Amino acid sequence: AQTVTQSQPEMSVQEAETVTLSCTYDTSESDYYLFWYKQPPSRQMILVIRQEAYKQQNATENRFSVNFQKAAKSFSLKISDSQLGDAAMYFCACWKGSNYKLTFGKGTLLTVNP
Amino acid sequence: EAGVAQSPRYKIIEKRQSVAFWCNPISGHATLYWYQQILGQGPKLLIQFQNNGVVDDSQLPKDRFSAERLKGVDSTLKIQPAKLEDSAVYLCASSWGTAYGYTFGSGTRLTVV
Chain A
1 AQTVTQSQPE
11 MSVQEAETVT
21 LSCTYDTSES
31 DYYLFWYKQP
41 PSRQMILVIR
51 QEAYKQQNAT
61 ENRFSVNFQK
71 AAKSFSLKIS
81 DSQLGDAAMY
91 FCACWKGSNY
101 KLTFGKGTLL
111 TVNP
Chain B
115 EAGVAQSPRY
125 KIIEKRQSVA
135 FWCNPISGHA
145 TLYWYQQILG
155 QGPKLLIQFQ
165 NNGVVDDSQL
175 PKDRFSAERL
185 KGVDSTLKIQ
195 PAKLEDSAVY
205 LCASSWGTAY
215 GYTFGSGTRL
225 TVV
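Keeping their order, the protein sequence lines are chains A and B.
Quick note: the first sequence, position 3, residue 3 per the working numbering, numbers continuous.
Quick note: the second sequence, position 46, residue 160 per the working numbering, numbers continuous.
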C-alpha cells in the first residue's frame, strides 16, 4: 500500500514571502507521479503542479516549484511571492501506474496574512 | 472542454434515510472515481470504474454504499441507510486512465443529522 504524509496541519505566510509545504510518500512502484493540489473553500480540487518520478529535474509552474528527493521519498512545494489567493488547503498526492489510483495526504491549511 | 459535473451541490438528510449523488465525467474519460472527503482530511477513494466495470471498490462500505456507471458514462453513488459518520464531501473525478488529465468535480457536501 502506498501512503502520503503531510506533517504540517497548518502553515502561515506573509503576503509576498515564500513558504514551503512538506510531503513524504512511500511506494514500491517504479512508475508513479506526484502532485500538489489546492482546494479552496469552493471545494474544487485544483492541480497546482505535477512531477514525474522518472524525471530528475524539479517541476516549476510560475510561482510554484517542488523539491523532489526521490531517494528520501520527499516532495515539498515552495510558493514564492505568496498572494492572498494562495490561501487554501494543499494536498500532496501520489498516483501509481499499476492501478491508476491517486492517494492523498491529509492536507496542509495555508493562511496568507496581508 | 466541460469539466466534471456533480449534483446536488448540498444535501441534508436524517440518519437512516437514503441519498444519491450523480456525476457526469469529461467526455471520453474512461476512468471514473468516487472519493469521500471527511472534514479536515484528504480524499479517500471509495470506488474506481474503468468504462462501466469496477476496478477497485475495496474501501466502499458495501453494506450501505452502492455505485454504478451505466454505459461507461454517468455514474451514481448511493447511500442507504445513511449514518452520521457519512457526513462528508463526495468528490467525483475522471481521467483518461493516465496521470494526466485527472479532473475533479466540485463535490457534493452531505450532512447527516
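Backbone N, C-alpha and C fix where the C-beta goes; we use that ideal spot for every residue, glycine too.
Values in this document were obtained by computation on a predicted structure and should not be read as measured data.
Can you pull the chain A residues whose beta carbon is under 9 Å from the beta carbon of residue i, in chain order?
i        : result
B/Ala134 : Ordered by position in chain A, no residue passes the 9 Å Cβ test against B/Ala134, which lies about 19 Å from the chain.
B/Thr145 : Tyr100
B/Gln162 : Asn99, Tyr100 and Lys101
For a contact meaning CB atoms closer than 8 Å, what does residue i contact in chain B?
i       : result
A/Trp95 : Ala213 and Tyr216
A/Tyr33 : Ala213
Out of the options, point me to the one whose CA is closest to residue i's CA.
i        : options                                   : result
B/Lys185 : B/Val133, B/Asn165, B/Leu159 and B/Pro157 : B/Asn165
A/Val112 : A/Glu15, A/Ser7 and A/Ala1                : A/Glu15
B/Ser172 : A/Met11, A/Asn99 and A/Gly105             : A/Asn99
B/Ala134 : B/Tyr216, B/Ile140, B/His143 and B/Tyr124 : B/Tyr124
B/Leu174 : B/Ser189, B/Tyr149, B/Asp188 and B/Gly167 : B/Tyr149
B/Val169 : B/Tyr147, B/Pro195, B/Thr190 and B/Gln131 : B/Tyr147
B/Gln162 : A/Glu61, A/Lys101 and A/Phe68             : A/Lys101
A/Phe35  : A/Lys106, A/Thr18, A/Gln2 and A/Val48     : A/Val48
B/Gly117 : B/Asn138, B/Ala213, B/Arg183 and B/Arg130 : B/Asn138
B/Ser209 : B/Gly142, B/Ile127 and B/Glu128           : B/Gly142
B/Thr145 : B/Pro195, B/Asp200 and B/Glu182           : B/Glu182
B/Tyr214 : A/Ser28, A/Arg50 and A/Phe91              : A/Arg50
B/Ala196 : B/Gln151, B/Leu224 and B/Leu160           : B/Leu224
Quick check on the DSSP output: the beta strand (DSSP E) that includes residue i runs from which residue to which?
i        : result
A/Tyr90  : Ala88 to Lys96
B/Asn165 : No beta strand (DSSP E) contains B/Asn165, which DSSP labels as neither H nor E.
A/Ser65  : Phe64 to Gln69
A/Asn113 : Thr108 to Asn113
B/Ala181 : Phe179 to Arg183
B/Arg223 : Thr222 to Val226
A/Glu10  : Glu10 to Gln14
B/Tyr216 : Counting along the chain, B/Tyr216 falls outside any beta strand (DSSP E), and DSSP gives it neither H nor E.
A/Val19  : Val19 to Leu21
Opposite residue i in the DSSP bridges: which residues?
i        : result
B/Cys206 : B/Trp148
A/Lys118 : The first residue shown for chain A is 1 and the last is 114, placing residue 118 of chain A beyond what the model contains.
B/Ile140 : The partner list for B/Ile140 (beta bridge, DSSP) is empty, contrary to what the question assumes.
A/Asp26  : A/Thr3
A/Tyr54  : DSSP, once it has assigned bridges, lists no residue as partnering A/Tyr54.
Hey, would you say residue i sits closer than 8 Å to residue j, going by beta carbons?
i        : j        : result
A/Pro9   : A/Leu109 : yes
A/Tyr37  : A/Ala71  : no
A/Tyr33  : A/Lys73  : no
B/Gly219 : B/Gln120 : yes
B/Pro157 : B/Leu198 : no
A/Ser30  : A/Gln6   : no
A/Ile46  : A/Phe64  : no
B/Thr217 : B/Ala202 : no
A/Ser82  : A/Thr3   : no
What residues of chain A sit near residue i, judged by a beta carbon separation below 7 Å?
i        : result
B/Asp170 : Asn99 and Lys101
B/Gly156 : Phe91, Phe104, Gly105, Lys106 and Gly107
Name the chain A residues whose beta carbon is nearer than 8 Å to that of residue i?
i        : result
B/Ser220 : Ser42, Arg43 and Gln44
B/Leu159 : Lys101, Leu102 and Thr103
B/Val203 : Arg43
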